[in-house]
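Numbering (this note's numbering), first residue to last: 1 to 513.
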């Protein structure tokens, strides 16, 4: 287990808890602003590439990739045994502990990769789509590439180096989407979508390996022994893994049912509608998840400070995603027409139902921040034992009416589970139900009001033949209504003031440099 003497200093910086906690408040806010600042770039890449791919490819092409997505999600749930999040959450780390995690996780990931390879022909047989065998094998290789550097990415998150991670994300998305567009234009059909996923994964893995110069100690049988430290981390990660498996499989049952009963085209329409319904939420939630968990975990032992960090962290995600969902629900047809084109208009009613589901599900999804940062992954798993059967039942009932029925079942189950999931999570959390609701209420009420005004305004607003101009006019009406109401709430003042002050400081610093 010897470490190269030249790298001792580098290895130490990744396990130095004092260094990772230094200026935590400033790092957290700066990290949040960096991730938000990168979103317009990611938004432009995502919308632009998807709009072009939707016109170059068919719904059936997207459906083929969606048929593999439940398997990919299951593999992702089992990979690393939750150690990537456990590493960020752990208060104190040692180099030998990190090395043990690396080698043990690598063994698990090799097994998961092997199971994916063996499952490829079974997947093709189940859906009666021979092309799925090769698609699954290629996607399995991309999946395994990420497993090799999951710990490096976690250590970058632990150090709050989100500027580096954001740069990696943007570069990988730009190159991956560019390659996909070229492949689609050259006539590679569904392979363009496969290349898009795999290239992004390869670039992110290689970049994280070089950005984080931590390297594991040489393999030793010592790493297979489970001491108290390892048991604690694997218990944390094991509960998180079990939660992921239960919830993701229950929520991916929709793809399996549609793909089996209705085929690739219907699944393509549903999957694209689903992804666009979640787009605004995931755009904010995914990058902020890393910032939130890293920040919340460092202050988990101080209830007052933890509550303050949670209130500041929760409000921005609702303030950005809820109005976007309300707008998309009212203007679903124009949004789909602009983004995807005429061949996707059948997805409009599905898209509307799913935006409602995401509106309520956003409140449930952010509870993961609290479970993970508080080390309550066992309670999170217990909740999945309650919520998963409800979701499975709703999807099974909805399957009678095809893709639309499954969308309805998903929306109903999500709405019914939203409030119980919040109350169950907060039962053992320093955060109170009033704290949580004060973060949601301004965005939720302002979004609903904006949607009502927008719907009513269609009877008086001019309707031009230019769809972009129409949407800009409607977006202006919605935006004015939303912000006018959102700014009135007292709970938003602290967040507004702090962000404005920090923005001024960053601008001033940029000018001096």
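Just so you know, even glycine gets a beta-carbon here, dropped at the ideal spot from N, CA and C.
Exercise. Where residue 100 and residue 199 are concerned, what is the direct C-alpha to C-alpha distance, given to the nearest angstrom?
Worked result: 29 Å
Original post:
For residue 203, which residues from the same chain have a beta carbon less than 8 Å from its beta carbon, with the 5 sequence-adjacent residues on both sides left out?
Top reply: Here the set comprises 168, 171, 172, 175, 176.
ask   = In or out: residue 134 buried (at least 16 other Cβ within 10 Å) or exposed?
value = exposed
Grab me the residues of residue 86's own chain with a C-beta within less than 6 Å of its C-beta, minus the 5 sequence neighbours each way, in chain order. 233, 236, 237
Thinking just about the alpha-carbon of each residue, which of 129, 379, 402, 382 is nearest to the one in residue 349? 402
> Taking C-beta to C-beta, are residue 561 and residue 145 nearer than 8 Å?
Replying inline: With the chain represented from 1 up to 513, any question about residue 561 goes unanswered, as that position is not in the structure.
Are there three or more Cβ pairs, one per stretch, closer than 8 Å when the region 415 to 422 is compared with the region 362 to 374? yes
(Q) As an exercise, report each continuous alpha helix (DSSP H) stretch of at least 4 residues that is fully enclosed by the region 412 to 476, in chain order. (A) 433 to 457
Scan the region 191 to 249 and note each continuous alpha helix (DSSP H) run of 4 residues or more that stays entirely inside, going in chain order. 191 to 211
Check your understanding: Between the beta-carbon of residue 271 and the beta-carbon of residue 62, is there less than 8 Å?
Key -> yes
Give me the Cβ distance between residue 396 and residue 318, rounded to the nearest whole Å; I'm assuming they're in contact under 8 Å. That belief does not hold up - the Cβ atoms of residue 396 and residue 318 are roughly 31 Å apart, past 8 Å.
- Where do the N-terminal and C-terminal ends of the alpha helix (DSSP H) with residue 138 fall, by residue? 132 to 147
Q.
Please state the DSSP three-state secondary structure of residue 334.
A. helix
Could you give the DSSP three-state label for residue 129: helix, strand or coil?
coil
| Of the residues 454, 92, 192, which one's Cα is nearest the Cα of residue 539? | Since the first residue shown for the chain is 1 and the last is 513, residue 539 is missing from the structure and cannot be characterised.
*asked:* So, for residue 183: in the same chain, excluding its five sequence neighbours on each side, which residues have a beta-carbon less than 7 Å away from its beta-carbon?
replied: 191, 192, 195
Q. Got a sec? Which residues, its chain only, sit under 6 Å from residue 259 by beta carbon, not counting five neighbours each side?
A. 67, 127, 267
message = Less than 8 Å between the C-beta atoms of residue 197 and residue 139, yes or no?
response = yes
> Among 450, 462, 88, 439, which has the Cα closest to the Cα of residue 517?
Replying inline: Residue 517 is absent from the structure shown; the chain starts at 1 and stops at 513.
Requested in this report: Note down the Cα distance separating residue 248 from residue 463, rounded to an integer number of angstroms.
Outcome: 42 Å
request  = Kindly indicate the opening and closing residues of the alpha helix (DSSP H) around residue 361.
outcome  = Segment 348 to 365, the alpha helix (DSSP H) holding residue 361.
Which of helix, strand or coil DSSP assigns to residue 92
Coil.
Using only the alpha-carbon positions, how far apart do residue 42 and residue 320 sit? 15 Å
query: Can the beta-carbon of residue 449 be found less than 8 Å from the beta-carbon of residue 485?
result: Going by C-beta atoms, residue 449 is nearer than 8 Å to residue 485.
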